[in-house]
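Chemist: Residue numbers (our numbering), protein chains in the order written: chain A, 249 to 361; chain B, 192 to 301. Even glycine gets a Cβ: it sits at the ideal position worked out from N, Cα and C. Note that the structure is a prediction, hence the values are computed from the model and not measured. Handing you a structure now.
See below:
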């Protein structure tokens with residue numbers, strides 16, 4: 249496919265469990281972003297990867313959140329010891345160097361019970 | 192950091208009506224995008240418009256960067272236009288993330 253893909257589309261987990269969310273950016277896009285949208289809230293930035301540079305982690309809300317990007321392509325966002333306030337839609341976006349327009353995936357809806 | 196304000200927060204229209212959505216931002220930007228979030232949560236790119244005017248069908252957008260605002264025009268609205276419209280900007284000195292406004296929720300009634 250030509251767009252950003254994310255998996256799973258929906259995830260229900262129990263409080264205290266760890267979860268992994270996956271993002272597959274558009275081929276050739278070197279920049280990758282994670283955002284989240286909580287119920288009734290706007291979109292907030294979490295983390296940004298650009299090529300081989302150190303990621304910008306300034307938006308991560310706590311040390312329970314981490315992300316990695318392997319081979320400059322696929323990224324995984326990990327949330328450890330999930331809490332109910334982590335329930336949100338997690339969105340991934342990508343873009344090419346020198347092109348500022350960001351393209352978003354369909355998101356993963358995370359529900360922590 | 193840069194502030195993004197959208198107005199109005201909610202808008203109800205009758206099908207066929209026109210509307211204008213506004214986005215004000217507090218600093219210089221190198222990226223401004225308008226998105227439509229559909230009922231399934233997908234963010235659909237409408238315009239990449241850090242300056243100038245663009246048109247795509249019934250939608251058009253204008254950004255006046257020197258005055259730090261952007262407008263999204265929807266003409267002859269349809270029920271399928273319903274959803275939330277987001278404006279997002281990137282600070283002029285940044286290479287990183289977008290900062291989103293809180294959105295305008297549009298409801299188009301048949």
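Taking a Cβ distance cut-off of 8 Å, strictly less, list which residues of the stretch 343 to 357 of chain A are near chain B, in chain order.
Modeler: Flagged, chain order: 348, 349, 350, 351, 352, 354, 355 and 357.
Chemist: Please report how far the alpha carbon of residue 206 (chain B) lies from the alpha carbon of residue 264 (chain A), in whole angstroms.
Modeler: Going by the C-alpha atoms only, they are around 47 Å apart.
Chemist: Strictly below 8 Å CB to CB, what residues from chain B border residue 304 (chain A)?
Modeler: Ordered by position in chain B, the residues that pass the 8 Å Cβ test against residue 304 (chain A) are 287 and 288.
Chemist: Identify the residues that DSSP records as bridge partners of residue 259 (chain B): which are they?
Modeler: According to DSSP, residue 259 (chain B) bridges with nothing at all.
Chemist: Is residue 269 (chain B) helix, strand or coil when you go by DSSP?
Modeler: Reduced to three states, the DSSP call for residue 269 (chain B) is coil.
Chemist: Buried or exposed for residue 240 (chain B), please, with buried defined as at least 16 other CB atoms from any protein chain shown within 10 angstroms of its CB.
Modeler: Burial call: buried.
Chemist: If you run the structure through DSSP and keep just helix, strand and coil, what is residue 334 (chain A)?
Modeler: Residue 334 (chain A): helix per DSSP, three-state reduction.
Chemist: Indicate whether at least one CB of chain A lies closer than 8 Å to the CB of residue 259 (chain B).
Modeler: It does not; no Cβ of chain A falls within 8 Å.
Chemist: Just reading off the beta strand (DSSP E) that residue 227 (chain B) is part of, what are its end residues?
Modeler: 220 to 228 is the span of the beta strand (DSSP E), which, as asked, contains residue 227 (chain B).
Chemist: Would you call the stretch 259 to 272 of chain B and the stretch 351 to 359 of chain A touching, i.e. three or more CB-CB distances under 8 Å?
Modeler: The answer is no - the stretch 351 to 359 of chain A does not touch the stretch 259 to 272 of chain B, with fewer than three Cβ pairs under 8 Å.
Chemist: Please confirm if the stretch 286 to 296 of chain A is in contact with the stretch 249 to 263 of chain A, defined as three or more CB-CB distances below 8 Å between the two stretches.
Modeler: Touching, no.
Chemist: Compute the distance between the beta-carbons of residue 257 (chain A) and residue 357 (chain A), then report whether it is under 8 Å.
Modeler: In contact: residue 257 (chain A) and residue 357 (chain A) (Cβ atoms closer than 8 Å).
Chemist: Hey, how far is the Cα of residue 183 (chain B) from the Cα of residue 279 (chain B)?
Modeler: A question about residue 183 (chain B) goes unanswered here, because the residues of chain B that appear run from 192 up to 301.
Chemist: Between which residues of its own chain and residue 211 (chain B) is the CB-CB distance below 6 Å, once the five residues before and five after are set aside?
Modeler: Excluding sequence neighbours, residue 211 (chain B) sits near 262 and 264.
Chemist: What number of angstroms, rounded off, separates the C-alpha of residue 215 (chain B) from the C-alpha of residue 192 (chain B)?
Modeler: Going by the C-alpha atoms only, they are around 14 Å apart.
Chemist: Would you mind sorting residue 334 (chain A) into buried or exposed? The rule is 16 or more other CB atoms within 10 Å of its CB.
Modeler: So residue 334 (chain A) ends up on the buried side.
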